[in-house]
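Participant: Submitted below is the structure of interest, expressed as structure tokens.
Residue numbers (the working numbering), protein chains in the order written: chain A, 1 to 717; chain B, 718 to 924.
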């Protein structure tokens, strides 16, 4: 056999002899020889592999002008065009491919979850397997540093910003009403099912010029491009049920999802601080349709949900309690197309429309609001090279908001506003080398409401200090028009403004990640008014200001302990602002100085179970104690909560899931409500604002029926 | 097994005079592969691919070498570089030959390499994709022995994990062996690997 091989090789080599020789050496940028590189003349069979010292040589029968190609894993491919007779003793320098796993990442401010590229803080399933999150994508993000614990609210409060300063985008298109309505003592949830998304990017500052109208943070959710398989998902939970189905065709697919939640049985079993007349009930439906075109992908996402509840809550100023009734209908549709125009240009176009209707009865007043919002966006990407990419885009936001108010003294009062904003941006990504990268951009916005232009520059830079660590810097200027709570009463204002300065250090070793990020933010043009609540008779101005500074730490380790994956976050926040009806600059009541979060997941192979915990600690929040002098002059006790969960994989298709929030039953206090008038001793009585329930129990059974199961049975016949 | 292919290939080609560049190149590449020169073999397959832009086979084998060598790789950077390269080769091969069961099987193996590297992270996200690929391949070519055996091997892994009975899948393996016996590749260079591994797997089935 060996002889035969030798004969054979000799035969080949014989034929190749008497041709033009080509030779040279391959190095990397550090002048180290590269072994194993592929060297060949394009479109021919002639070539070779470089040896240990980087040298190569082969012969070719080709003549005249040819293209010499040198390629190797993790390096950019080298090409040289010339006459074959000149391809002798060629020295080839291969440059690092900047798209590899170990290249520098523009990471300041950003946490990403999802695909198997680059640095992922969260894994795709973390959203549904984090003990405290209860399957809510927002809940899982609240275990990351930079967020503050506002337990009764549930929205994202980022780095001293209030919840309105965080904007959520699905496939790059704005979601105007991302949260489900709830009572004021129970946290809200994201409206959308976490299973529809396969990539989440959460930026806590310094983000790209592509995103505007967000002062503190953006959360980017990407829907699945192509579902894995045709399947039916059934979920039966202690609070309701879900049903989903995915169909695939040759070039397209459709996923639909419906869910129904009713807290009546739960409230009947477990004590609740609210006096329910009609318990929380919500029905929702979502659908995603995807179609692949010749060079692109079209996606259409639609969601509808309707929520209602009615209750009486304890109130220190209302002896019979405060009556509250809500009916909410929300419709959202989002269509987008992304496609390649040619090798270097990519086009993205998208449009979303939101219709949100609320019908509220609060004590004796009747409020109806109706929001119609639209976002249209067009962006172009030009990949000039792996190292230089340009982005341009233009977008238009339109909101038409109308509200009516009626009570015993006011007969139906109508008011509202139109908030339309046009924006354009340009941005460049520049990789100097595998070690150093820049991103720089500029965003221009024009507000039709304020007749005002704003200009927002953004810059970030990252430098790799060694194999495993890098430092990043980011600066950005951000504008956002005031929220509907203000605009519905007054439209003679300015866009609120903030600047971010961020310094980030990141260490990323084999399944271990450490991040530390220090930041400073200053706020200008915040809206102020002179009454207890924003109202039609308040006087408004844009003279508010504030600052936030702090440092965030994050550590995740999936390696040291077998089958155990955990992360820890700590955030220190120092913030003061003078806005709304504040008498002076003060620490707002949604900002905790210290926030700690600990999440662990242990996979018990023998039981095919994942058991997890998450612990949250937050230092006290400010409130105004009228029995003392000053404003926001007192603090609540610290917040503590430990949650546990258990997921049991019965079979590849069936999962049993159970969780308990605040298993130790900490009696947390979110703030205090004081009486409007002092008691006989001249003191103001108070009532602690506590969550609707201290603990929450959840049990669910989830069953996926895939088409494959059928095909399997058929095989065995 | 690979050796067998080469011996056969060499024997056949040895007697055929006036070989084309393609035949010579492919033979040489298989020979390098069988003599543990995987990088050289993969490089040669890639070179052939650039010279034969309408042929999916050299791309297929270049991808297969990168995938096979990534099983057991513990360095995530190296693994990711190899599998990224393999993915690009598979994409190019798919562009030439759509709905090709052999390429679908290779794609499933690529995902399996990620699952083997870090089951906790990729197991739950890629399993569905793997199952779907085998289902599709099975629809296209129910009599292809590699489709049957790779699917069976994947199913055995799952069944063992969930403490389920592996007998039906072992039967599939047995069936694939019969299919191997009757399988006639389109040309000598078309995929014809796998029978050796099936015999090995069947041994563990009998235990």
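By construction, the Cβ of each residue, glycine as well, lies at the ideal position given by its N, Cα and C atoms.
(1) Among residues of its own chain, excluding the 5 on either side of residue 757 of chain B, which ones have a beta-carbon nearer than 6 Å to its beta-carbon?
(2) Run through chain B and tell me which residues come within less than 9 Å of residue 135 of chain A, C-beta to C-beta.
(3) Closer than 9 Å, CB to CB, is residue 228 of chain A near chain B or not?
(4) DSSP three-state call for residue 265 of chain A: helix, strand or coil?
(5) Just to confirm before moving on: does the CB-CB distance between residue 147 of chain A and residue 670 of chain A stay below 9 Å?
(6) By the three-class DSSP mapping on this structure, what secondary structure does residue 194 of chain A have?
(7) Please list the partners that residue 565 of chain A has in chain B, where partner means a Cβ-to-Cβ separation under 8 Å.
(8) Hey, residue 563 of chain A and residue 837 of chain B: beta-carbon distance below 9 Å or not?
(9) Does DSSP classify residue 831 of chain B as helix, strand or coil?
(10) List, from N- to C-terminal side, the beta strand (DSSP E) runs of 3 residues or more that fit wholly inside the stretch 353 to 394 of chain A.
(11) When you compare the CB of residue 848 of chain B with every CB in chain A, is at least one pair closer than 9 Å?
(12) Output, in chain order, the set of chain A residues within a Cβ distance shorter than 7 Å of residue 763 of chain B.
(13) Among the residues of its own chain, which have a CB less than 6 Å from the CB of residue 702 of chain A, if the five just before and after it don't count?
(14) Nearest CA to the CA of residue 661 of chain B: which residue from B:802, B:788, B:760?
(15) Using 10 angstroms around the beta-carbon of residue 385 of chain A, count the other beta-carbons present and answer buried if the total reaches 16, otherwise exposed.
(16) Let's test the definition: count the other Cβ atoms within 10 Å of the Cβ of residue 205 of chain A and tell me whether it reaches 16, buried, or not, exposed.
(17) I'd like to know whether the C-beta of residue 778 of chain B is nearer than 9 Å to at least one C-beta of chain A.
(18) Counting only Cβ pairs nearer than 7 Å, list the residues of chain A close to residue 841 of chain B.
(19) Assuming residue 473 of chain A and residue 460 of chain A are in contact, meaning their beta carbons sit under 8 Å apart, how far apart are those beta carbons, in whole angstroms?
(20) Report the three-state DSSP secondary structure of residue 498 of chain A (helix, strand or coil).
(21) Mind pulling the chain B residues with CB within less than 7 Å of residue 42 of chain A?
(22) Could you pull the start and end residues of the beta strand (DSSP E) that residue 80 of chain A belongs to?
(23) Let me know if residue 902 of chain B comes out buried or exposed under the rule of 16 or more other beta-carbons within 10 Å of its beta-carbon.
(24) Looking only at C-alpha atoms, which of A:174, A:346, A:359, A:192 sits nearest to residue 379 of chain A?
(25) At which residue ranges does the stretch 487 to 568 of chain A contain complete beta strand (DSSP E) runs of 3 or more residues, listed in the order of the chain?
(26) Can you list the residues of chain B that residue 45 of chain A reaches, using a CB-CB cut of under 7 Å?
(27) For residue 897 of chain B, name the three-state secondary structure that DSSP assigns.
(28) Is the CB of residue 651 of chain A under 9 Å away from at least one CB in chain B?
(29) Whole beta strand (DSSP E) runs in the stretch 44 to 105 of chain A with 3 or more residues, listed along the chain?
(30) Go through the stretch 422 to 482 of chain A residue by residue and report every complete run of the alpha helix (DSSP H) that reaches 4 residues or more, in order.
(31) Under the three-state reduction of DSSP, which class applies to residue 271 of chain A: helix, strand or coil?
(32) For residue 816 of chain B, list the residues DSSP reports as bridge partners.
(33) Going by the beta-carbon positions, is the gap between residue 550 of chain A and residue 582 of chain A smaller than 9 Å?
(34) From the beta carbon of residue 866 of chain B, is the nearest beta carbon of chain A less than 9 Å away?
(35) Buried or exposed: residue 863 of chain B, going by 16 or more other Cβ atoms within 10 Å of its Cβ?
(36) Is residue 706 of chain A close to chain B, meaning its C-beta is less than 9 Å from at least one C-beta of that chain?
Facilitator: From the atom records:
(1) 749
(2) Going along chain B, no residue has its Cβ under 9 Å from residue 135 of chain A, so there is no contact; the nearest lies around 15 Å.
(3) yes
(4) helix
(5) no
(6) helix
(7) 837
(8) yes
(9) helix
(10) 365 to 385
(11) yes
(12) 38
(13) 235, 655
(14) No answer is possible for residue 661 of chain B: it lies beyond the span of chain B, which begins at 718 and ends at 924.
(15) exposed
(16) buried
(17) no
(18) 125
(19) 7 Å
(20) strand
(21) 767
(22) 78 to 83
(23) exposed
(24) A:346
(25) 496 to 509, 512 to 529, 540 to 557
(26) 738, 742, 764, 765, 768
(27) helix
(28) yes
(29) 47 to 49, 55 to 60, 65 to 71, 78 to 83, 90 to 94
(30) none
(31) coil
(32) The partner list for residue 816 of chain B (beta bridge, DSSP) is empty, contrary to what the question assumes.
(33) no
(34) no
(35) buried
(36) yes
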